[in-house]
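Novice: Residue numbers (this note's numbering), protein chains in the order written: chain C, 18 to 377; chain F, 5 to 346.
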Amino acid sequence: MPMSESRNRAKLLAHKIREMAAHIDQEINIMEVCGTHTVALRREGIHGILPPTINLVSGPGCPVCVTPANYIDNALELIKDGAVIATFGDMLKVPSSTGENLAAFMGQGKVRTVYSPFDIIRLRDEIQGPLVFLGIGFETTIPTIAATFKEVLARKLSQTYLYTAFKTVPNALRALLADKESRVNAFLLPGHVSVVIGERAYDFLKSYKVPSVISGFKGEEMLTAIAAILKQFNDKAPTVENRYHQVVSREGNPKALAVMDELLCPEDALWRGFGLIKESGLKLRKKWAAIDAARVFGLSPLKNSEPPGCCCAQVVQGKIKPNHCPLFGRGCTPEDPVGPCMVSSEGSCAAYFKYLGVEA
Amino acid sequence: MKDKKTIRLEHGSGGVLTRQLIEEIIYPYLKNDSYSELDDASLFPSPAAPGEKLAFTTDSYVVDPPIFRGGNIGKLAVFGTANDLAVSGAEPLYMSLGVILEQGFSIDDFESIIKTLAQSAREANVKVITGDTKVVPAGKGGGVFLNTAGIGRQVFPHSLGGSRVQIGDKVILSNHIGAHGVAILSQREGLELGTTIQSDCAFLYPLCRELYSLGLDLRFLRDATRGGIAAVLNEVVEKRDFAIEIDEEAIPVLEDVKSTIELLGLNLYEIANEGAFIAIMAADKAEEAVVRLKKHPSGSGSMAAIIGKVTQNHCSRVVVNTAIGGQRLLDFPRGLLLPRIC
Chain C
18 MPMSESRNRA KLLAHKIREM AAHIDQEINI MEVCGTHTVA LRREGIHGIL PPTINLVSGP
78 GCPVCVTPAN YIDNALELIK DGAVIATFGD MLKVPSSTGE NLAAFMGQGK VRTVYSPFDI
138 IRLRDEIQGP LVFLGIGFET TIPTIAATFK EVLARKLSQT YLYTAFKTVP NALRALLADK
198 ESRVNAFLLP GHVSVVIGER AYDFLKSYKV PSVISGFKGE EMLTAIAAIL KQFNDKAPTV
258 ENRYHQVVSR EGNPKALAVM DELLCPEDAL WRGFGLIKES GLKLRKKWAA IDAARVFGLS
318 PLKNSEPPGC CCAQVVQGKI KPNHCPLFGR GCTPEDPVGP CMVSSEGSCA AYFKYLGVEA
Chain F
5 MKDKKTIRLE HGSGGVLTRQ LIEEIIYPYL KNDSYSELDD ASLFPSPAAP GEKLAFTTDS
65 YVVDPPIFRG GNIGKLAVFG TANDLAVSGA EPLYMSLGVI LEQGFSIDDF ESIIKTLAQS
125 AREANVKVIT GDTKVVPAGK GGGVFLNTAG IGRQVFPHSL GGSRVQIGDK VILSNHIGAH
185 GVAILSQREG LELGTTIQSD CAFLYPLCRE LYSLGLDLRF LRDATRGGIA AVLNEVVEKR
245 DFAIEIDEEA IPVLEDVKST IELLGLNLYE IANEGAFIAI MAADKAEEAV VRLKKHPSGS
305 GSMAAIIGKV TQNHCSRVVV NTAIGGQRLL DFPRGLLLPR IC
């Protein structure tokens, strides 16, 4: 088969990476912050292209994975009280703190999956009684959900609620850097999130002197970004670089930021694994309390509790690799997941299992 | 409180759980001399014509929606049944048709399904010679379900189930993949994707016959329906002393199918197809096989390609060589891909 151009360019990049790595006298642990990168890196087989001194470490960027287990408990509670839940498919099989999941209620029409949050406007016509959308996600997904609920408010749709557990990236990076046990010494910064928040949102990273590069999701783009990280090590000039100019601007997307700001405000958010991180989440502003499921239904505050043996908490912090969890591929598989990292298509356990295998 | 003891939708997705259901619950009780391999069709000696073998298969169709771009459940039932016989080395001859209708289903729609079914049967030169009709109360069925059995005559006298595959053989895909899944999904309620992608639903016996004529150099045939090429390739390597390596860039796929799949976050390799099969050929006959498929007048093999080879490394696994020179595993489909796709 003819070797494609992209394979040629990738070969050159891999060569460049190996050459630079040979001159760097330390182990480099690059954290991919974003779940889409977690999957894309393993899908493209980049781990096998890199020299052994360069490790890829999965980070907290899988929204389902960093959501505390009792968020699902609360959603199940809402169903028992007569509400219909609308959600992205990724949430269906996440175990609650007692091992139940939302998928079990799909047959009864109590849980409806959507591909786009705007689907709830159509669902509203079909469904009697309260309809609650599970607001999970980072800056990538939040603007569309906010825009949907702006529409819900404009159309004065009754009994249509948002249950927020939104997370935002910048302060999670601060928390990672503050952790003394962390092995991470470079960041592959998310592409899609950065489209919304802009390069500017990472300016604070410069003072930490951690090489950081915003990257796209194609194989060649990720190799380019990794090469850029190594160059910063080589030149001893750590900074924040944007290698995804095509779509990421310095200022981000003002429209997306505006719609988020109109409906939502920062809150201290609880992350699975990390605990409470200051101003790392978004909740509905007080003036929209009437559509805030947490307030309207008096839902219990989120709290962290892990299933016995599950290491998702360490996995999302990049402290262990998925295959070092004792349950990986044994008690915990994509068919019967124990923790969220094996459930979500963006979870690092699921990506390892799928693309590297149990024996990896 | 895990839902371990009840049937889940994933049990029907053609992946790991489907196999578990068959291997742990069905097969142990029903195992006999003539049902010894879990192939698409079983071959058995013809009682009437000594020396001849007949092929027997059965299939059920629950696709939602039952009428879709590029076909309907009737066409799917005829071609799907005929294709199962064809990839087992048999010429399709006769079939049965069981119909389960739900109260309230449109009679016009039902008639158009049966019309297409009859047209497809003529095209495949298959006669429907027995049938049954049942109606279930509204809410107890999915509009229309079809069940078929098919009988064919063995014309390729060697096993096509993978036992003859050798290291060094080449893996061929008979046409582009992914179109059926995208066509079905894009017409599901609420997903206005604006694509005009048609299901690839096609009768594959004429293409298979082209390959039968290559004799023993044809080692393996299987249509890539439920579970897609991921399921087929994993079934070939399972418990065997070889692996399959495929080249991502070599997989034929239509541009708009590819972009829709990316948009929806689906896995091209796991999506059901209704008009494509995997063939494994001796290396020196692979090019010839591809040429034959490509120039077949039906057009159903127009994008045929060699997509990989049988190798010694990574035994019992399927490995994908990525476009940038990396490698990853291709696993059995595990999650719930798309319910009721065929």
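Even glycine gets a Cβ: it sits at the ideal position worked out from N, Cα and C.
May I have the straight-line CA-CA distance separating L146/C from V355/C, to the nearest angstrom?
Specialist: For the purposes of this step, residue 146/C is identified with residue 129 of the first sequence, where counting begins at 1. For the purposes of this step, residue 355/C is identified with residue 338 of the first sequence, where counting begins at 1. Here residue 146/C turns out to be Gly, not Leu, going by the sequence shown. Each residue's Cα considered, the two are about 32 Å apart.
Novice: Would you tell me roughly how many angstroms separate the C-alpha atoms of I71/F and I77/F, rounded to the nearest one?
Specialist: Here residue 71/F is taken as the residue at index 67 of the second sequence, counted from 1. Here residue 77/F is taken as the residue at index 73 of the second sequence, counted from 1. Spanning the two alpha carbons is a distance of roughly 6 Å.
Novice: Between the Cα of S67/C and the Cα atoms of L29/C, L206/C, N321/C, F155/C, which residue gives the shortest distance?
Specialist: Taking the first residue of the first sequence as 1, we reach residue 67/C at position 50. Reading off the sequence shown, one finds Leu at residue 67/C, where the question assumed Ser. Of L29/C, L206/C, N321/C, F155/C, the residue nearest in Cα terms is L29/C.
Novice: Within 10 angstroms of its Cβ, does I246/C collect 16 or more other Cβ (buried), or is it exposed?
Specialist: Here residue 246/C refers to the residue found at position 229 when the first sequence is read from its first residue. By the neighbour-count rule (16 or more Cβ atoms within 10 Å), I246/C is buried.
Novice: Report the neighbours of Y261/C on chain F: residues whose CB is nearer than 8 Å to its CB, in chain order.
Specialist: Here residue 261/C refers to the residue found at position 244 when the first sequence is read from its first residue. Correct list: empty, because the minimum Cβ distance to chain F is about 17 Å.
Novice: Leaving aside the five residues before and after I138/C along the sequence, list all residues of the same chain whose C-beta is less than 8 Å from its C-beta, in chain order.
Specialist: One-based indexing of the first sequence puts residue 138/C at position 121. Closer than 8 Å at Cβ, skipping near neighbours: T165, E168, V169, R172, L174.
Novice: Below 9 Å on C-beta distance, what does A268/F contact in chain C?
Specialist: Sequence index remark: in the second sequence, residue 268/F carries index 264 (1-based). According to the sequence displayed, residue 268/F carries Leu and not Ala. What L268/F touches in chain C: Y132.
Novice: Check the C-beta distance from A182/C over to G208/C and give it rounded, since I have them as a contact under 8 Å.
Specialist: One-based indexing of the first sequence puts residue 182/C at position 165. One-based indexing of the first sequence puts residue 208/C at position 191. Going by Cβ atoms, the distance from A182/C to G208/C rounds to 23 Å, so no, they are not a contact pair.
Novice: Return helix, strand or coil for L373/C, following the three-state DSSP convention.
Specialist: Residue mapping note: residue 373/C aligns to position 356 of the first sequence, counting from 1. Coil at L373/C, not helix or strand.
Novice: Any residues in the segment 237–259 of chain C with a beta carbon nearer than 7 Å to a beta carbon of chain F? Which ones, in chain order?
Specialist: So the list reads E237, L240, given in the order they occur along the chain.
Novice: Would you say R24/C faces chain F, with C-beta separation under 8 Å as the test?
Specialist: Counting from 1 along the first sequence, the entry for residue 24/C is found at position 7. It does: the Cβ of R24/C has a partner Cβ on chain F nearer than 8 Å.
Novice: Between which two residues does the alpha helix (DSSP H) containing A27/C stretch?
Specialist: Here residue 27/C refers to the residue found at position 10 when the first sequence is read from its first residue. Run containing A27/C: 22–40, per the alpha helix (DSSP H) assignment.
Novice: State yes or no: is the C-beta of V314/F within less than 8 Å of the C-beta of I181/F?
Specialist: As a working note, residue 314/F is residue 310 in the second sequence. As a working note, residue 181/F is residue 177 in the second sequence. Their beta carbons are not under 8 Å apart, which means V314/F does not touch I181/F by this criterion.
Novice: For the alpha helix (DSSP H) containing R213/F, name the first residue and the last one.
Specialist: On the second sequence, residue 213/F is found 209 positions in, with the first residue counted as 1. Counting along the chain, the alpha helix (DSSP H) containing R213/F begins and ends at 209–216.
Novice: Select from R60/C, K33/C, A27/C the residue whose C-alpha is nearest the C-alpha of N271/F.
Specialist: Numbered from 1 along the second sequence, position 267 holds the residue referred to as residue 271/F. The candidate whose alpha carbon is nearest that of N271/F is R60/C.
Novice: To the nearest angstrom, how far is it from the Cα of I214/C to the Cα of G154/C?
Specialist: On the first sequence, position 197 is the one that residue 214/C refers to. On the first sequence, position 137 is the one that residue 154/C refers to. So the two alpha carbons sit approximately 14 Å from each other.
Novice: At which residue ranges does the segment 190–248 of chain C contain complete beta strand (DSSP E) runs of 3 or more residues, listed in the order of the chain?
Specialist: Qualifying beta strand (DSSP E) stretches, in chain order: 203–206, 229–231.
Novice: D136/F bridges to which residues according to DSSP?
Specialist: The residue labelled residue 136/F in the question sits at position 132 within the second sequence. Answer is G102/F.
Novice: Where does T326/F sit, in a helix, a strand or coil, going by DSSP?
Specialist: Position 322 of the second sequence holds residue 326/F. DSSP places T326/F in coil when its eight states are reduced to three.
Novice: How far does the alpha helix (DSSP H) with C329/C in it extend, from its first residue to its last?
Specialist: To locate residue 329/C, count along the first sequence from 1; it is residue 312. Its alpha helix (DSSP H) spans residues 329–333.
Novice: So, is C319/F buried or exposed, given that buried needs 16 or more other C-beta atoms within 10 angstroms?
Specialist: In the second sequence, residue 319/F corresponds to position 315, counting from 1. With fewer than 16 other Cβ atoms within 10 Å, it is exposed.
Novice: Along the beta strand (DSSP E) that carries R332/F, what are the first and last residues, could you check?
Specialist: Residue numbering aside, residue 332/F sits at position 328 when the second sequence is read from its first letter. Note, R332/F: beta strand (DSSP E), 331–334.
Novice: Would A142/F be called buried (16 or more neighbouring beta carbons within 10 Å of its own) or exposed?
Specialist: Within the second sequence, residue 142/F is the residue found at index 138, counting from 1. Exposed, by the Cβ-count rule.
Novice: Would you tell me roughly how many angstroms separate the C-alpha atoms of Q191/F and H184/F, rounded to the nearest one?
Specialist: Start at 1 with the first residue of the second sequence, and residue 191/F comes out as number 187. Start at 1 with the first residue of the second sequence, and residue 184/F comes out as number 180. Q191/F and H184/F: Cα-Cα distance of roughly 11 Å.
Novice: CB-CB under 8 Å to N270/C, same chain, minus the five flanking residues each way: which ones, in chain order?
Specialist: Here the question's residue 270/C lines up with position 253 in the first sequence. Around N270/C: P160, V212, V213, G215.
Novice: Leaving out five residues on either side along the sequence, give the residues of the same chain with a beta carbon under 7 Å from the beta carbon of V241/F.
Specialist: In the second sequence, counting from the first residue as 1, residue 241/F sits at position 237. Taken in chain order, the residues that qualify are A247, I248, S320, R321, V322.
Novice: Using three-state DSSP, classify Q158/F as helix, strand or coil.
Specialist: Position 154 of the second sequence holds residue 158/F. Three-state DSSP puts Q158/F in a strand.
Novice: Taking 8 Å as the cut-off, decide whether the C-beta atoms of S64/F and P337/F are in contact.
Specialist: Here residue 64/F corresponds to residue number 60 of the second sequence, with the count starting at 1. Here residue 337/F corresponds to residue number 333 of the second sequence, with the count starting at 1. Contact flag unset, no.
Novice: Just the chain F side, please: which residues come within less than 8 Å of I66/C by C-beta, in chain order?
Specialist: Here the question's residue 66/C lines up with position 49 in the first sequence. Result: I328, G329, G330.
Novice: Let me confirm a value: V264/C is counted as buried when at least 16 other C-beta atoms fall within 10 Å, else exposed. Which label applies?
Specialist: Taking the first sequence and counting its residues from 1, one reaches residue 264/C at position 247. Exposed.
Novice: Assuming N277/F contacts A327/F (C-beta within less than 8 Å), just tell me the rounded distance between them.
Specialist: For the purposes of this step, residue 277/F is identified with residue 273 of the second sequence, where counting begins at 1. For the purposes of this step, residue 327/F is identified with residue 323 of the second sequence, where counting begins at 1. With a Cβ gap of about 22 Å, N277/F and A327/F do not count as contacting.
Novice: Quick one: grab the DSSP three-state call for G152/C.
Specialist: Counting from one through the first sequence, the residue named residue 152/C turns up at place 135. DSSP places G152/C in strand when its eight states are reduced to three.
Novice: Mind checking who S92/F pairs with in its DSSP beta bridge?
Specialist: For the purposes of this step, residue 92/F is identified with residue 88 of the second sequence, where counting begins at 1. Its beta-bridge partners do not exist; DSSP assigns none.
Novice: Quick check: the Cα distance between E36/C and S229/C, rounded to an integer number of angstroms?
Specialist: Here residue 36/C refers to the residue found at position 19 of the first sequence. Here residue 229/C refers to the residue found at position 212 of the first sequence. When rounded, the distance between both Cα atoms is 20 Å.
Novice: What did DSSP end up calling E279/C once you bin it into helix, strand or coil?
Specialist: Here the question's residue 279/C lines up with position 262 in the first sequence. Residue state, collapsed to three classes: helix.
Novice: Could you give the distance in angstroms between the alpha-carbon of N87/C and the alpha-carbon of W288/C?
Specialist: Reading the first sequence from its first residue, position 70 is the one you call residue 87/C. Reading the first sequence from its first residue, position 271 is the one you call residue 288/C. Each residue's Cα considered, the two are about 12 Å apart.
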